[in-house]
Amino acid sequence: MWWDGGQVVQATQPFEPRRLDTPLDKMMRRFAGRRSRTHTERKRGRYIQARPAQGPTDDLAFDATLRAAAPFQKERSEERRHLAFAIHRSDLMRKVRVRRAANLILFVVDASWSMAVAERMQATKGAILSLLNDAYQRRDRVGLIVFQKDRASLVLPPTNSVTLAQTALADIPVGGKTPLSAGLKLALEVLQRERLRHPDVMPLLIVLTDGAGNVSISHLPPLEEAYLYADEIAREGVHSIVINMEHIAFDQGLAQALADHLKAPCYTAGDIRAESLYYTVRRELNARTPPATLEDRR
8 MWWDGGQVVQ ATQPFEPRRL DTPLDKMMRR FAGRRSRTHT ERKRGRYIQA
58 RPAQGPTDDL AFDATLRAAA PFQKERSEER RHLAFAIHRS DLMRKVRVRR
108 AANLILFVVD ASWSMAVAER MQATKGAILS LLNDAYQRRD RVGLIVFQKD
158 RASLVLPPTN SVTLAQTALA DIPVGGKTPL SAGLKLALEV LQRERLRHPD
208 VMPLLIVLTD GAGNVSISHL PPLEEAYLYA DEIAREGVHS IVINMEHIAF
258 DQGLAQALAD HLKAPCYTAG DIRAESLYYT VRRELNARTP PATLEDRR
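Take the position in the sequence shown, starting the count at 1, then add 7; the result is the number in the working numbering.
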């Protein structure tokens, strides 16, 4: 066990997500297993359009370049005495490419007592297991960070192995204080490292907490420190969501404040169910994926 304290809470069983009779659900079924599409600056990927080559000219779109230069051939008649077709630097067009990119779903879970009762943690674990199964089927990668007591731990380094994830998730205890800033700092480090290894990865950060950080890792007050790391994550352009684990009757707005610094939506768990959390995350993943093209449907 990675922490020698607290109470171990077992996960609820992952569920089989029900099929909704909606256009979104039909689209998900049709394109199951396909990754998100993202623009890439590399020479790999499908050529979808062209733009002026204001910088590098190592991936020219010859068809678009010829079209751009065609209207000027008559006024370039002097040059065409020695050339069949006169092209200027201003005519050069560069390819815009898209390629399939895996999602990286990084869970950052508050396992302190401030996150309310152990039953709520059970439901959270059940939702995470269901998302892990879904991520594996879509060839996405999943990581898990847990913070409690006085530190954060990378319980599950990013992987597409659902077996490893299930094992790591089984032994998470609850209890102790809430080192929120440590969890966010570790999340930032993991995301930066993954982007170096996989430049086209599309990260989604899911923070499950009540936002009530009460442990610092520096001289700063706990919440001020946590918000500094949240601001840095937002500057990195990471798509995040916050799941407010505080009961509505005791909510002080701390989870919403954290979401504001992350520039992320904040969802209230309430009587959290694994199924509702699953669809919340899937909705966020689908919202940032460009619409499928005709070629994608083949």
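C-beta atoms are modelled at their ideal positions from N, C-alpha and C, and glycine is treated no differently.
Assuming contact is defined by CB atoms lying nearer than 8 Å, are residue i and residue j in contact in what I supplied?
{"i": "residue 237", "j": "residue 269", "result": "yes"}
{"i": "residue 273", "j": "residue 263", "result": "yes"}
{"i": "residue 136", "j": "residue 161", "result": "no"}
{"i": "residue 151", "j": "residue 191", "result": "no"}
{"i": "residue 248", "j": "residue 291", "result": "yes"}
{"i": "residue 101", "j": "residue 159", "result": "no"}
{"i": "residue 75", "j": "residue 98", "result": "yes"}
{"i": "residue 243", "j": "residue 198", "result": "yes"}
{"i": "residue 172", "j": "residue 147", "result": "no"}
{"i": "residue 71", "j": "residue 83", "result": "no"}
{"i": "residue 215", "j": "residue 245", "result": "no"}
Would you decide whether residue i is buried or exposed? Buried here means 16 or more other CB atoms lie within 10 Å of its CB.
{"i": "residue 227", "result": "exposed"}
{"i": "residue 57", "result": "buried"}
{"i": "residue 210", "result": "buried"}
{"i": "residue 255", "result": "exposed"}
{"i": "residue 104", "result": "buried"}
{"i": "residue 293", "result": "exposed"}
{"i": "residue 154", "result": "buried"}
{"i": "residue 87", "result": "exposed"}
{"i": "residue 85", "result": "exposed"}
{"i": "residue 96", "result": "exposed"}
{"i": "residue 196", "result": "exposed"}
{"i": "residue 225", "result": "exposed"}
{"i": "residue 63", "result": "exposed"}
{"i": "residue 285", "result": "buried"}
{"i": "residue 89", "result": "exposed"}
{"i": "residue 253", "result": "buried"}
{"i": "residue 229", "result": "buried"}
{"i": "residue 288", "result": "buried"}
{"i": "residue 206", "result": "exposed"}
{"i": "residue 73", "result": "exposed"}
{"i": "residue 68", "result": "buried"}
{"i": "residue 271", "result": "buried"}
{"i": "residue 91", "result": "exposed"}
DSSP state of residue i, grouped into three classes?
{"i": "residue 293", "result": "helix"}
{"i": "residue 140", "result": "helix"}
{"i": "residue 190", "result": "helix"}
{"i": "residue 81", "result": "coil"}
{"i": "residue 213", "result": "strand"}
{"i": "residue 252", "result": "coil"}
{"i": "residue 268", "result": "helix"}
{"i": "residue 247", "result": "strand"}
{"i": "residue 184", "result": "coil"}
{"i": "residue 197", "result": "helix"}
{"i": "residue 288", "result": "helix"}
{"i": "residue 34", "result": "For residue 34, the predicted structure reports a pLDDT of 33, less than 50, and the residue's modelled location is therefore unreliable. A value from the coordinates is still provided. Reduced to three states, the DSSP call for residue 34 is helix."}
Return the first residue and the last residue of the beta strand (DSSP E) that residue i is part of.
{"i": "residue 155", "result": "148 to 155"}
{"i": "residue 114", "result": "110 to 117"}
{"i": "residue 240", "result": "No beta strand (DSSP E) holds residue 240; the alpha helix (DSSP H) holding it covers 229 to 242."}
{"i": "residue 336", "result": "Outside the modelled stretch of the chain, which goes from 8 to 305, sits residue 336, for which no answer is possible."}
{"i": "residue 159", "result": "158 to 166"}
{"i": "residue 275", "result": "273 to 275"}
Considering residue i, what are the terminal residues of the alpha helix (DSSP H) in which it resides?
{"i": "residue 72", "result": "69 to 76"}
(message) For the pair the region 185 to 204 and the region 219 to 227, tell me if three or more CB-CB distances fall below 8 Å.
(response) yes
(request) Answer yes if the region 108 to 116 comes into contact with the region 74 to 84, meaning at least three C-beta pairs across the two stretches below 8 Å, and no otherwise. (result) Touching, no.
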